[in-house]
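Colleague:
Residue numbers (this note's numbering): 2 to 283.
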């Protein structure tokens, strides 16, 4: 087995980066390998001012309960109309948080997201469409779950340095079947249980101040489209490793509720071949 290593010293541009000599506690070690099955990635496009989105959130929560760790969910808050803060600001401070990210906005454009709520299921077409309504998520996920995986991906090391509020990680990609074409690895940082405002048509009054936002996309560790892992030129048995060091986190984020989501996709079709999630606090 040969191992290719890449050292990516990545900083979130707006937050800067702190470097430390003594790393924090290493959280476990997840390993992949042969015989793994494909996991589904649901990128759920949503917005805090989308009044029908909470119904889709409920669908996603139900699917998470049904599929467990076979399904990975990321809440991508998007669009100016549904995702932007109120302008001018409301006197009571409602809808003042901007959950959008540059990557999320780029995905909205690339995948022609024209309505919310909607989702991408491993960025694979279902009924001839890559964008899938919440009513079809279950069927689209069922088409993917438990297929033999051509690749495995896992976060083998995760270190959150609480004193510096930085995160470091090692992500591995194992080639299980012959794969052709160019493939990239992208790593998300998500935060769960973010309490904030949400417009919700299911309740009255519809403006909910203490709504529980799940799996919120906060940042991409390695850019919108990730980095090449060159699995097209790799052979079965290869393991490729990427390392991310001392990436600064926003102090407003609760690290206890954060996770990394890593996935490998085909750069021509955008289809996600495999995904994995690792929480900061297992």
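Cβ coordinates follow ideal geometry from the N, Cα and C atoms, glycine included.
Nothing here was measured: the structure is a model prediction, and the numbers come from that model.
1) Could you give the C-beta distance for residue 1 and residue 250, rounded to a whole number, given that I count them as a contact under 8 Å?
2) Can you tell which of 46, 93, 89, 101 has the C-alpha that lies nearest to the C-alpha of residue 74?
3) Could you tell me the distance, in whole angstroms, from the CA atom of residue 99 to the CA atom of residue 253?
4) Have a look at 60, 59, 116, 261 and flag the residue whose alpha-carbon is nearest the alpha-carbon of residue 84.
5) Since I believe residue 156 is in contact with residue 39 (beta carbons under 8 Å), could you give me their beta-carbon distance rounded to a whole number of angstroms?
6) Locate the alpha helix (DSSP H) running through residue 150, then write down its first and last residues.
7) Judging by CA-CA distance, which residue of 63, 194, 231 is the nearest neighbour of residue 152?
8) Spell out a yes or no on whether the segment 219-239 and the segment 140-149 are touching, meaning 3 or more CB-CB pairs, one atom from each, closer than 8 Å.
9) Assign residue 82 to one of three DSSP states: helix, strand, or coil.
10) Compare the beta carbon distance of residue 187 and residue 260 with 8 Å and say whether it is the shorter of the two.
11) Within the continuous alpha helix (DSSP H) that includes residue 60, where are the two ends?
Modeller: Judging by the given coordinates:
1) Absent from the structure is residue 1, since the part of the chain shown begins at 2 and ends at 283.
2) When each option's Cα is compared against that of residue 74, the closest is 46.
3) Per the coordinates, the alpha-carbon of residue 99 lies some 13 Å from the alpha-carbon of residue 253.
4) Residue 116 holds the alpha-carbon nearest to the alpha-carbon of residue 84 among 60, 59, 116, 261.
5) With 8 Å as the limit, residue 39 and residue 156 do not qualify as a contact, their Cβ atoms being about 17 Å apart.
6) Run containing residue 150: none; DSSP gives neither H nor E here.
7) Looking at the Cα atoms, 231 is the closest of the given residues.
8) Segments in contact, no.
9) DSSP places residue 82 within a helical segment (H, G or I) once states are collapsed to three.
10) No, the pair does not count as a contact, with Cβ atoms beyond the cut-off.
11) Segment 54-68, the alpha helix (DSSP H) holding residue 60.
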